[in-house]
Structure formats: structure tokens, C-alpha cells
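Here is the structure we will look at.
2 protein chains.
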Amino acid sequence: MSKPSVPQGTRDFSPAEVRRRQYIFNTIRTFFEVYGFQPLETPAMENLVTLTGKYGEEGDRLIFKILNNGLHELKDAKRELVKSEWEKILQKPFSSPVLTERALRYDLTIPFARYVVMHQNEISFPFRRYQMQPVWRADRPQKGRYREFWQCDADVVGSTSLINEAELLCIYQAVFNTLQVPVTIKINSRKMLAALAELCGMADKMTDITIALDKLDKIGWGGVANELRERGIPDAGIAHVEQIINVTGDNAQKLETYSSIMRQSPIGLEGIKELQDTLKYYNCLKNADWTGSIAVDISLARGLNYYTGVIVEVVCSSEKVVMGSIGGGGRYDDLTGLFGLKGISGVGISFGIDRIYDVMEELAVWPEQLAAGAKIIVLNFGGENELYALEILRQLRDGDIAAEVYPEAVKFDKQMKYANKRNMSYVIIAGDEEREKRLVSLKNFSTGNQQMVTVKEAIATIKAGLNTV
Amino acid sequence: MSKPSVPQGTRDFSPAEVRRRQYIFNTIRTFFEVYGFQPLETPAMENLVTLTGKYGEEGDRLIFKILNNGLHELKDAKRELVKSEWEKILQKPFSSPVLTERALRYDLTIPFARYVVMHQNEISFPFRRYQMQPVWRADRPQKGRYREFWQCDADVVGSTSLINEAELLCIYQAVFNTLQVPVTIKINSRKMLAALAELCGMADKMTDITIALDKLDKIGWGGVANELRERGIPDAGIAHVEQIINVTGDNAQKLETYSSIMRQSPIGLEGIKELQDTLKYYNCLKNADWTGSIAVDISLARGLNYYTGVIVEVVCSSEKVVMGSIGGGGRYDDLTGLFGLKGISGVGISFGIDRIYDVMEELAVWPEQLAAGAKIIVLNFGGENELYALEILRQLRDGDIAAEVYPEAVKFDKQMKYANKRNMSYVIIAGDEEREKRLVSLKNFSTGNQQMVTVKEAIATIKAGLNTV
Chain A
1 MSKPSVPQGT RDFSPAEVRR RQYIFNTIRT FFEVYGFQPL ETPAMENLVT
51 LTGKYGEEGD RLIFKILNNG LHELKDAKRE LVKSEWEKIL QKPFSSPVLT
101 ERALRYDLTI PFARYVVMHQ NEISFPFRRY QMQPVWRADR PQKGRYREFW
151 QCDADVVGST SLINEAELLC IYQAVFNTLQ VPVTIKINSR KMLAALAELC
201 GMADKMTDIT IALDKLDKIG WGGVANELRE RGIPDAGIAH VEQIINVTGD
251 NAQKLETYSS IMRQSPIGLE GIKELQDTLK YYNCLKNADW TGSIAVDISL
301 ARGLNYYTGV IVEVVCSSEK VVMGSIGGGG RYDDLTGLFG LKGISGVGIS
351 FGIDRIYDVM EELAVWPEQL AAGAKIIVLN FGGENELYAL EILRQLRDGD
401 IAAEVYPEAV KFDKQMKYAN KRNMSYVIIA GDEEREKRLV SLKNFSTGNQ
451 QMVTVKEAIA TIKAGLNTV
Chain B
1 MSKPSVPQGT RDFSPAEVRR RQYIFNTIRT FFEVYGFQPL ETPAMENLVT
51 LTGKYGEEGD RLIFKILNNG LHELKDAKRE LVKSEWEKIL QKPFSSPVLT
101 ERALRYDLTI PFARYVVMHQ NEISFPFRRY QMQPVWRADR PQKGRYREFW
151 QCDADVVGST SLINEAELLC IYQAVFNTLQ VPVTIKINSR KMLAALAELC
201 GMADKMTDIT IALDKLDKIG WGGVANELRE RGIPDAGIAH VEQIINVTGD
251 NAQKLETYSS IMRQSPIGLE GIKELQDTLK YYNCLKNADW TGSIAVDISL
301 ARGLNYYTGV IVEVVCSSEK VVMGSIGGGG RYDDLTGLFG LKGISGVGIS
351 FGIDRIYDVM EELAVWPEQL AAGAKIIVLN FGGENELYAL EILRQLRDGD
401 IAAEVYPEAV KFDKQMKYAN KRNMSYVIIA GDEEREKRLV SLKNFSTGNQ
451 QMVTVKEAIA TIKAGLNTV
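Going line by line, the protein sequences match chains A and B. Every letter in the first sequence is one number past the one before it in this note's numbering, and letter 47, counting from 1, is 47. Every letter in the second sequence is one number past the one before it in this note's numbering, and letter 232, counting from 1, is 232.
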């Protein structure tokens, strides 16, 4: 028998890991709810036709397809057809509906767009939904990149108001402040990027310019300038780009300077106005205690083609952490158009749970009480004492204390070893003496203190000693 | 463009449905934690070799297999091999590792066994784990049967103590009492079923006898007797079975009578003793307020072959509901043996979330406050008033009140219509007058009452009016 294992790029989550992940999920969920977003869940499987063509050619290849069941029941004619098409199937397995008609969810955005189109008559717009589910991609696994990973998305569709952008910025702030992860939220506008391309005299080269600009952090201005030259941007254009990225000051000052540089570009001025309004709304909504900063960053591009307005990206600002973006999003003007419903604008953000987990691990900012589940164990001395132990256990649980009993009356040392490995806070010992007196011996595992008390007193001591259960 | 849809047998869950499902999940999770169980999560995908051969031939066919990615990159020799094996692949697609090597989780038990074997050196036994995740089966979809559905399992491995069985009974009671679902928990022992087969002189026919007995509810004793005859059980054996199933009385009396009938069967007496001890432990642990009953039922068989000791099944006892079992489980002696780790006994239970949801729907026992998310909306009158609305919103959220703003300054009627459709409890109206006075008009949506108050007063009124947020 070969050693059992999990597929490459997938993970088991141990109890400690599940608890920490739940803490992140619950924090995000809490703020999604406080901000009026409603939960949605979609199936792990989608019809292949719903997904293909939505993520580019590379995306199509990375979608996990599900083999049709019932292949063994195919009728002869169909079976011959499949055999004759075998070459084609091997080339492009997902083009053969005989072999596969379903696939695993690749992101949460396309299923959301599908849902909105299917339920457009029941939904009250503007519709604020959140969704926290795994997605699957056949990427080559590497450190920090998995084939099964979790997304937490919040989107508003059916409203063009920039209040939505401002609220989503607030959610990022509220969540990362609660999680104690220091962040910078970069913000930019696709419209300013379009204006930049216009300024270069290459309105059709926005993608080339943004791809080059996106590397500013990594390769510096010299590298970016070279790349722009290779991509055919004339020197005058490159000079414009340099002028723009060298603009300094706070957000308001930067936007003011951009306005004068882009004064002849209507789309550029529109983008600048959108950022100014977003920040104005944000300043009304923000909580004075939040520490994360919002930074206008003209080099922010975001990969996804469907963004059309404001775009954002969150990075951890601690020097201790080297990690790409831990969240991002933006406005898209016509996502549901893919499924036949035109004219619904939307804006959304996403949290990268797996990376946030890694960052919190590095910063060591987990709340202490996440470490274990039940922190009380009642030892088991068999016979009458065993039944007495169960009665104690019942009273603890009735008092809302999570507790367990050692299920077998094995040697004391073995039970204590288990209690130690499980990191118990208190051990309850009830042998003949305790049972006869209807008392328990309560041992504090960290101090070693032990006292014989009533069950009621034990419950009071435990409750005072545990922050939470 | 064809109308978008979800694959047969899968479902989207709307916000209201997600909230209700979360309520069930959270209730179960709370008690799993109180009883000392620890959370575990495993990947949606498992290696096919982990799953095949574990669920019988029918099970193998119902496993959803995932098409390998990279088929288009196959080298020529391999490609020829696949072509020549095409017939075989069509017969049994899952026997071709070129086509598929991974599959979707079919239940939570086998992945748990795999996990225990992989992590046996880190785990402190007895190991109590719970797991709440979806599973996928290519069953023909029908009412109440889905291709994607959720299981919530709790298992203890590494302990043979019947205290574990008793604790699992308590968890069923605690959960269903909290959910307000009246239940009967049937309990039986595989060992008593083995003894019954012995009594019939057909020790090797235990499966035949239990399959027939399992139908007692549906086809009555006459039908069962006929089926036993068809399956080759002699008349004397059938008389024994009749004698057993006609035993009446409470649990203790029934077990007493079985003891005398099975007095010459060591395995039968062992099974009876196990049930007696389980009930003894249960009586020490149980909460006096629980209403569900435990019923020894010799006709209970449970399908899964791996059970070896006590088995249980939960049915809703309300006459208003017609539904099969909503939970079940039992003891298995050697599950991890499938992956090479022998001698680890375990016992577990499972909750059928989708059926529990349907039962609660029929009984109409959902708590009222589950209906909506944010119940407060601040209307938007544009300009200065819009910014004032955002300030109000911030104060509400700082006061832990979930609230939203209408993001655009559209007509009053349109905003009120949205508030109505979303079932808001309160609407906050702040126009010129309110803004100038630094007040708000708070409208109670159910009574229609409206009063002009400070934001602080509004928060106090809202908190008093909402049970929970």
C-alpha cells in the first residue's frame, strides 16, 4: 500500500489552522454584515459553458474540468464519434461535451454575475453581496500559490455611486485594523491610465504602458523606461510618464498636479474627479482609530481586463513581511453583459485569505484564545468514579464551559500526558474521596495549584480564569 | 446566448438561505466544541487512489473524477497509448491515470481516516474531530437528493470506551433540542444483528437478514417474512426473528428480554451489554430538559459495511414531517486499516444538513432574527446632506449597528421602495432641516412612527428595538 497523500497544491487544515482561518473569515464576515452586504453561495461546479472564455486563453487551460459520469453507458454511435474525435479531445479536452460538461469554480465573480442574471427579477438593486468560498486553479503549485484556495469577495451591483468605492475602502480598513495587519491601500483609476496612454500619443497602448508601469517597484524607473521603449512608446511619451510618476505630495496634492498635467484629457479629469470624490466620501465614513493609509498610486494597474474605473490593491506595510497584494478590486462596467444583462455597473473587493494567514503568521498577531478548543478535562478513574465524572462534565457543559472527559480509565500518567499535549487550562480530578464528599479537585495546569472545591466553585474559578471558551 | 444555469443537482443559496444554513452549522459547531471536538478540513480533491474501492462498485461509479490538465501537452508515445486504450477508458474512465488522477470528496469519513494515518505521530489520541464540508456524488438528482450536499461529522478515534457513544447521543440531543426539531434517536448493535443471524442458523446471512429487517417500517412483518423466506432463511429462523421484533417494553425491559433470548450467544450478550452501558453513561450525561427520546430498535441496520458495534439513526418524530433519517452513525473497528494503520477503533455521527433544513422549513422553526442582515438604512438626499448621511452611518456602525446607505440620491419613493423590499426595520431620513439641527428623523418601518432625534437617541432606540443585529 502506497503512503496516502493529498493532491499537489491542496492542503489539509489541522484544528489549530482551521481555528485561525475561521477567525479571519469571521472577522471579514462581521464587517461585511455591518456594512449591509448579504451572503451568497454558489455551487463548486459550474457548467463549463459558464466559465470558458471568461478568463482568457490561459484561464481556460487552468480551469479544472470534471469528467462526465456514465461514459461506460455511451451508445455505440456516440462512442465511435468520440473515438474519431480523440485527437481533437486531447488537444482541447474542454471542447468535447461528451468528455466533460462541468468544471470547478475558478473565481467568485463570474458565478456572481451568473447568479445576478438568473435572479434579476427577485433581486432589489443596488445588490450588495458577499461570498467566501474556495476556488480551484490548475496553476503550477509553489510557495504561497495553491490549487485550492479561498476568496472572500464583496460586490455592489446596480449602482454607479462612488460611495460604494468609499465603503469598500472602509471595509478593508476595518478588517485589517481588527486583524492587526498594518496595510497600505493603493488606489488608482483606469481612466487616468487611459489618459496617460493618450498623453503618450498611444491611446491604444494602455495595456502595454500599464504592464511596464506595474513593474516600477521591481525594476525601477530605468527598467520601466527601457520596457516602454521596447514596446514602441516614443521618447516624448516616456517623458510624460516620467513626469507623472515623479509627482509627489499627499493624495490631494498629487491629484491636483495630475489635473494640471491632464487638463486636456476629459477621461483623465473624470478619473481624477472620481478619486477625489471617493476620498471625500471615505473621509466622512472613516473611523478615527484606523491606522492603515490610502495612497494614490498611478503605477497601480491590476491585471484583470474587466476593470473600468477606480482600482485598489492592499499590501502589508510592515517591513517584516515580504508578500504581494493581500487584497484587491475595482469597478467593472458590464460584467453581467457576459450573460446577456447589459448596463449593470458594479464594484467589488476581494480578500486573499491564504496570504493574509501567512502574513499574520509572520507578524505573530493571532489572539491567544484561538490556540485550543475545550480547555477543561475531567479525568476518568473508572467504576463509580467514572459515572461521577460524567455528572461533573454535564454540569460544566450546562454552565457553558467546553469540556471533555478522558474516555477510558487508563493510568493517571497517561491521562495527564494527554491533558498536557492538548494544552488544557484545568484538569478536574475526582477519585473516591472527592466523590464521597461530592467535591472535585481542580488543578490549574499552568500554575500547578490544586484545590478541592464544589463543582459550582470550580465553574466560577474556571470562568474567571478563561478569557473565552 | 443560452440562458445561464447551474449544473443539475447543484444549487445557489440566496442570502436568506445562507443565513438559515449558517444557523444550523453554527448550532452544530457550538456543541461539537462544547463536547471537546476539534475542527478539521480536508481538500475538495483527493487522489483517486484514496477513494476508489472504499464505497463499493456503485460508489466508484458515483465519484466525480477530475480531468487531468495538460492533456494537450502529452508526448506522442503516451498519446498513442491513450488512443489504443480508448475502449478501456470509456468502459472505466477512472482506471486511466492519463485521463484522471483526482476526484471530488465523496464523504468525510475516508478523508478523515487518510488524515489520521498521515498525521498519526502528531495526533494526541483519543482524537475527537469534527468536519463540516460539502461532498459530491453523481447520483441521479431528485427531490431531497443533490449532487453537491453538506455533511457535518464528529468522530472519536483511538478509544473503545462507550462513553464516546453516549457523548455522541448527547450531541444529537443538544443540537436538535436547540433547533427545535423533535427527534427519536434509534439505537442498535451490529453485534445483536450478528447474534440474530446465528439464532437463525445462518451466521453468514447477517446482511440478508438486516436488509429485509430494514424494510419493516415500509412493508410490515408479512413483507419482511416473505423476503426472509426468499433469501433462504428457514421457518424456524423466521420465527426467531418474529419473536425478537415483537419484544415490547422500555429500553431496559427490551434489552432484558433480548438477553434471555440470546443467552447462548456470546456476541449477542456483548452487544446487549454495550447498549446497556451506553445508556447508563448517557443517563449520567443527559440534560433534564432534552425532549428527544432514545429508542432501542433491533430493526435498525444502517447500510455501511464498516460498522461493527453500536449504530444510531435520527428521525424527526413530528407527524407533520415525512422524511428519512436526518442523521446517523456508529462504531467502526478498523477504518484506518484501509490506509495501513491497524487497530484504531472509532465511532462517529453525521448530520444531514440539507434534510435538516427541509425539516425546519416544514416545521417553521426558524428564529425570527435570521430573516435579514442590515436592518437600518440611511436615505440619501445628495450634496451636503449626502455627506451628513455618511457621518450618521459611521456613528451607527461605531455603535455596532449594521446599517447601509442608499448609494445614490435618487427619488425618495424609489429609496423607500428599496427599504421596503429589503425588510428594513428603521429608515433614517436626514434632509436640510435635520442636517442644520444636527438631528435625524428616525422612522420605524413596522409602526410608521417617525420622530426627530439626535443620532445618540436614534442608536438607543434602534438597539432597544432590535433583538439582535
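For every residue, glycine included, the Cβ atom is placed at its ideal position computed from N, Cα and C. The model shown is predicted, which means the values in this text are computed figures rather than measured ones.
Separation of residue j from residue i, as counted between CA atoms
{"i": "B:Glu256", "j": "B:Leu169", "result": "21 Å"}
{"i": "B:Leu81", "j": "B:Thr100", "result": "15 Å"}
{"i": "A:Gly346", "j": "A:Gln22", "result": "28 Å"}
{"i": "A:Val469", "j": "B:Thr27", "result": "Any reading at A:Val469 must be qualified, since the residue scores a pLDDT of 38, below 50, and its modelled position is unreliable; the value itself is stated next. Looking at the two C-alpha atoms, the distance is approximately 15 Å."}
{"i": "B:Gly329", "j": "B:Gly56", "result": "18 Å"}
{"i": "A:Ala194", "j": "B:Leu67", "result": "41 Å"}
{"i": "A:Ile123", "j": "B:Lys421", "result": "9 Å"}
{"i": "A:Ser425", "j": "B:Ser350", "result": "29 Å"}
{"i": "A:Arg229", "j": "A:Asp235", "result": "7 Å"}
{"i": "B:Ser293", "j": "B:Thr178", "result": "15 Å"}
{"i": "A:Asp333", "j": "A:Lys205", "result": "20 Å"}
{"i": "A:Asp354", "j": "B:Lys54", "result": "32 Å"}
{"i": "B:Trp366", "j": "A:Gln173", "result": "34 Å"}
{"i": "A:Lys456", "j": "A:Ile377", "result": "16 Å"}
{"i": "B:Tyr357", "j": "B:Val18", "result": "11 Å"}
{"i": "A:Asn226", "j": "A:Ile219", "result": "10 Å"}
{"i": "B:Lys375", "j": "B:Val116", "result": "45 Å"}
{"i": "B:Phe149", "j": "B:Val359", "result": "16 Å"}
Residues bridged to residue i (per DSSP)
{"i": "B:Cys316", "result": "B:Val183"}
{"i": "A:Val347", "result": "A:Val156, A:Arg331"}
{"i": "A:Phe445", "result": "A:Phe445 is not bridged to any residue."}
{"i": "B:Arg129", "result": "B:Gln38, B:Asp155"}
{"i": "A:Trp150", "result": "A:Pro134"}
{"i": "A:Leu285", "result": "A:Leu285 pairs with nothing; no bridge assigned."}
Top-ranked residue by Cα proximity to residue i, from the options
{"i": "A:Ile187", "options": "A:Leu466, A:Gly223, A:Thr454, A:Thr278", "result": "A:Thr278"}
{"i": "A:Leu216", "options": "A:Val241, A:Asp235, A:Ala194", "result": "A:Val241"}
{"i": "B:Arg302", "options": "B:Glu313, B:Asn287, B:Gly249, B:Gly352", "result": "B:Glu313"}
{"i": "A:Phe127", "options": "A:Thr461, A:Gly36, A:Val156, A:Ile24", "result": "A:Val156"}
{"i": "A:Val440", "options": "A:Pro407, A:Phe381, A:Asp400, A:Val135", "result": "A:Phe381"}
{"i": "A:Arg147", "options": "A:Arg190, A:Phe64, A:Ser318", "result": "A:Phe64"}
{"i": "B:Leu335", "options": "B:Ser299, B:Gly431, B:Thr308", "result": "B:Thr308"}
{"i": "A:Glu408", "options": "A:Asp398, A:Lys375, A:Gln395, A:Leu387", "result": "A:Leu387"}
{"i": "B:Gln8", "options": "B:Glu391, B:Lys273, B:Trp136", "result": "B:Trp136"}
{"i": "A:Thr311", "options": "A:Ser159, A:Ser317, A:Ala166, A:Gly448", "result": "The question names Thr, but residue 311 of chain A in the sequence shown is Ile. Residue A:Ala166 is the option with its Cα nearest to A:Ile311."}
{"i": "B:Tyr281", "options": "A:Arg231, A:Glu391, A:His119, A:Lys414", "result": "A:Glu391"}
7 Å Cβ cutoff met for residue i and residue j
{"i": "B:Met45", "j": "A:Thr10", "result": "yes"}
{"i": "B:Ala389", "j": "B:Val410", "result": "no"}
{"i": "A:Leu466", "j": "A:Val453", "result": "no"}
{"i": "B:Met192", "j": "B:Gly271", "result": "yes"}
{"i": "B:Glu33", "j": "A:Ala402", "result": "yes"}
{"i": "B:Leu379", "j": "B:Ile459", "result": "no"}
{"i": "A:Gln38", "j": "A:Arg105", "result": "no"}
{"i": "A:Ile209", "j": "A:Ala197", "result": "yes"}
{"i": "B:Asp12", "j": "A:Thr42", "result": "yes"}
{"i": "A:Leu62", "j": "A:Ala103", "result": "no"}
{"i": "A:Arg114", "j": "B:Pro134", "result": "no"}
Proximal chain A residues relative to residue i, where beta-carbon distance stays under 7 Å
{"i": "B:Ser299", "result": "Neighbours of B:Ser299 on chain A: none; closest Cβ ~29 Å, over 7 Å."}
{"i": "B:Thr50", "result": "Pro4"}
{"i": "B:Leu255", "result": "Simply none; closest approach about 19 Å."}
{"i": "B:Pro134", "result": "Ala44"}
Within chain B, partners of residue i - CB distance below 9 Å
{"i": "A:Glu408", "result": "Pro126, Ser159, Thr160, Ser161, Ile163"}
{"i": "A:Thr248", "result": "Per Cβ cutoff of 9 Å: no residues; A:Thr248 is ~29 Å from chain B at best."}
Partner residues on chain B for residue i, Cβ-Cβ distance less than 8 Å
{"i": "A:Glu227", "result": "In chain order: nothing, as chain B lies at least about 30 Å away."}
heavy atom of the ligand FMN below 6 Å from residue i C-beta
{"i": "A:Thr100", "result": "Among the ligands in the structure shown, none appear at all, so the ligand FMN cannot be discussed."}
7 Å Cβ cut-off: residues of chain B touching residue i
{"i": "A:Met206", "result": "Neighbours of A:Met206 on chain B: none; closest Cβ ~28 Å, over 7 Å."}
{"i": "A:Arg397", "result": "Val34"}
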